[in-house]
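J.: Position 46 (the sequence shown) corresponds to 62 in the working numbering; numbering is contiguous.
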Amino acid sequence: MNKTIKHGGNLYEASDLYGIPLEDWIDLSTGINPRSWQPPEIPISVWQRLPEAEDDLLSVATQYYGCEDLLPIAGSQVAIQSLPYCRQHSRIGIVSPCYAEHPYWWEQAGHDVIRLSSGEIDGLIEGLDVLLLINPNNPDGTQYTLEKLLGWHHLLAKKDGWLIVDEAFIDSRPKQSLLSRFKCMPKGLIVLRSIGKFFGLAGIRLGFIAAEPLLLTQLAQRQGPWAVSHPARWLGALALADQQWQQQTCAFLVKQSDALYQILSDYFQNIHQSHYFCYVPHPQAEQIKHQLAEQGVWVRYFEKPYAIRFGLPKNDKELTKLLIILSCFLRL
Ligand SMILES: Cc1ncc(COP(=O)(O)O)c(C=O)c1O
Numbered sequence: 017m018n019k020t021i022k023h024g025g026n027l028y029e030a031s032d033l034y035g036i037p038l039e040d041w042i043d044l045s046t047g048i049n050p051r052s053w054q055p056p057e058i059p060i061s062v063w064q065r066l067p068e069a070e071d072d073l074l075s076v077a078t079q080y081y082g083c084e085d086l087l088p089i090a091g092s093q094v095a096i097q098s099l100p101y102c103r104q105h106s107r108i109g110i111v112s113p114c115y116a117e118h119p120y121w122w123e124q125a126g127h128d129v130i131r132l133s134s135g136e137i138d139g140l141i142e143g144l145d146v147l148l149l150i151n152p153n154n155p156d157g158t159q160y161t162l163e164k165l166l167g168w169h170h171l172l173a174k175k176d177g178w179l180i181v182d183e184a185f186i187d188s189r190p191k192q193s194l195l196s197r198f199k200c201m202p203k204g205l206i207v208l209r210s211i212g213k214f215f216g217l218a219g220i221r222l223g224f225i226a227a228e229p230l231l232l233t234q235l236a237q238r239q240g241p242w243a244v245s246h247p248a249r250w251l252g253a254l255a256l257a258d259q260q261w262q263q264q265t266c267a268f269l270v271k272q273s274d275a276l277y278q279i280l281s282d283y284f285q286n287i288h289q290s291h292y293f294c295y296v297p298h299p300q301a302e303q304i305k306h307q308l309a310e311q312g313v314w315v316r317y318f319e320k321p322y323a324i325r326f327g328l329p330k331n332d333k334e335l336t337k338l339l340i341i342l343s344c345f346l347r348l
């Protein structure tokens, strides 16, 4: 693992630093749905057999995403690491702040990376070969309309450029996904999807990339025959088909993020709310992180700009505990 990039979910580190046992933390450091889809027992035959592309994962995923040009990958992280090696030297604009793995891997592959804000895209797109953004953005929750995205894709595709949209956090708003517009992916449009966030199954390492078939073939060759395990494919197909759970989960995420926003709004201004987290730019972010950690609440801290991201508490008990800790221990 690349140690220079910080991620949430690092509870072992939190536990070591603050001397609080793993099981006593309220972990708000990720954007992962804390009420995961509940996997059934996995039959021994699923553990035994090698993964096969002909199982029903792809047909279920096509139904769920509304798009046919999909490649299952071991988490959208795999696409993040592979795509920079599928293009010659390019000028890539990456809307920032963003998930830090994106600029890291494009820089590793030797491309010119230009970090830009969402407001600068229209002014700079003429000079770019690739534009990469996250919709809705992690960490600040910025959302883009489909019309804006399609306009940028049109400009880039005309000159053999790419628009890459990371939709890791879009499942609770399926109509906002570019995949809702394309049964077959047009040239130059690449969309990343994750099973980790909405389904809360980050540990099984499953995601999808949607792109034109030629690029999917290239990526499939890069990752080899057994990159996604059979248990991950088997569980992924069940989760993607479970419409009742998906509807309940959309309602849960809305309710829980509203409740989190309400609690935080007594203490902070300028809260960016998304269905999976609340992002709070704050000059004293480091002190906030430390004061909460001393009480067993682990949040994600950012330095550029200084900010805290609060993931969703998993139940009312955690919400109440957060409320009490903020009111008794936050000293700014
Ligand atoms: C915006 C974004 N994209 C992609 C990923 C990678 O997700 P995964 O590889 O679990 O699908 C993350 C993980 O936090 C993320 O925040």
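Yeah, the Cβ is synthetic: ideal placement off N, Cα and C, and Gly gets one too.
Give me the Cα-Cα distance between F284 and F326, rounded to the nearest whole angstrom.
T.: Position 268 of the sequence shown holds residue 284. Position 310 of the sequence shown holds residue 326. Approximately 12 angstroms between the Cα atoms of the pair.
J.: Span of the alpha helix (DSSP H) holding V76?
T.: Mapped onto the sequence shown, residue 76 falls at position 60. Residues L73 to Y81.
J.: Taking buried to mean at least 16 other C-beta atoms within 10 Å of its own C-beta, is Q259 buried or exposed?
T.: Walking along the sequence shown from the start, residue 259 turns up at place 243. Q259 is exposed by the Cβ-count criterion.
J.: What is the DSSP secondary structure of I42, counted as helix, strand or coil?
T.: Counting from one through the sequence shown, the residue named residue 42 turns up at place 26. Here I42 sits in strand by DSSP.
J.: Let me know if S281 comes out buried or exposed under the rule of 16 or more other beta-carbons within 10 Å of its beta-carbon.
T.: As a position in the sequence shown, residue 281 is number 265, starting the count at 1. S281 comes out exposed.
J.: So, is H127 buried or exposed, given that buried needs 16 or more other C-beta atoms within 10 angstroms?
T.: For the purposes of this step, residue 127 is identified with residue 111 of the sequence shown, where counting begins at 1. It counts as buried.
J.: Do you know offhand how far L308's Cα is from I341's?
T.: As a position in the sequence shown, residue 308 is number 292, starting the count at 1. As a position in the sequence shown, residue 341 is number 325, starting the count at 1. Looking at the two C-alpha atoms, the distance is approximately 7 angstroms.
J.: The alpha helix (DSSP H) with P229 in it runs from where to where?
T.: As a first step, residue 229 must be located in the sequence shown, where it is residue number 213. Looking at the DSSP string, the run of the alpha helix (DSSP H) that includes P229 is P229 to Q239.
J.: Which runs of the alpha helix (DSSP H) at least 4 residues long sit entirely within the stretch 265 to 340? Give them in chain order.
T.: Complete alpha helix (DSSP H) runs here, min 4: 301 to 310.
J.: Alpha carbon to alpha carbon, how far is D274 from D176?
T.: Position 258 of the sequence shown, counted from the first residue, corresponds to residue 274. Position 160 of the sequence shown, counted from the first residue, corresponds to residue 176. Cα to Cα, the separation comes out at about 42 angstroms.
J.: Whose CA, out of S133, E228, L74 and S106, lies closest to the CA of M201?
T.: Residue mapping note: residue 201 aligns to position 185 of the sequence shown, counting from 1. Ranking the options by Cα distance to M201, first place goes to E228.
J.: Return helix, strand or coil for V62, following the three-state DSSP convention.
T.: Counting from 1 along the sequence shown, the entry for residue 62 is found at position 46. Note: V62 maps to helix in three-state DSSP.
J.: Taking C-alpha atoms, which residue in P37, D145 and Y101 lies nearest to I110?
T.: Here the question's residue 110 lines up with position 94 in the sequence shown. Residue D145 is the option with its Cα nearest to I110.
J.: Rounded to the nearest angstrom, what separates A173 and K164 at their Cα positions?
T.: Translated into the one-based positions of the sequence shown, residue 173 becomes position 157. Translated into the one-based positions of the sequence shown, residue 164 becomes position 148. Going by the C-alpha atoms only, they are around 14 angstroms apart.
J.: With a floor of 3 residues, list each beta strand (DSSP E) that falls wholly inside the stretch 138 to 183, ordered by position along the chain.
T.: Whole beta strand (DSSP E) segments, 3+ residues: 146 to 150 and 178 to 182.
J.: Between P155 and A323, how many whole angstroms is the CB-CB distance? I'm expecting something under 8 angstroms.
T.: Indexing the sequence shown from 1 puts residue 155 at position 139. Indexing the sequence shown from 1 puts residue 323 at position 307. Indeed they touch by this definition, with Cβ atoms about 7 angstroms apart.
J.: Do you know offhand how far E123's Cα is from E57's?
T.: On the sequence shown, residue 123 is found 107 positions in, with the first residue counted as 1. On the sequence shown, residue 57 is found 41 positions in, with the first residue counted as 1. Approximately 42 angstroms, taken between the alpha carbons.
J.: Tell me whether Y115, by its Cβ, gets closer than 7 angstroms to a heavy atom of ligand 1.
T.: Translated into the one-based positions of the sequence shown, residue 115 becomes position 99. Correct: Y115 has its Cβ closer than 7 angstroms to ligand 1.
J.: Kindly list the residues whose CB is nearer than 6 angstroms to the CB of G82, restricted to its own chain and excluding five residues on each side of it in sequence; keep chain order.
T.: As a first step, residue 82 is located in the sequence shown; it is residue number 66 there, counting from the start. So the qualifying residues of the chain are L195 and S196.
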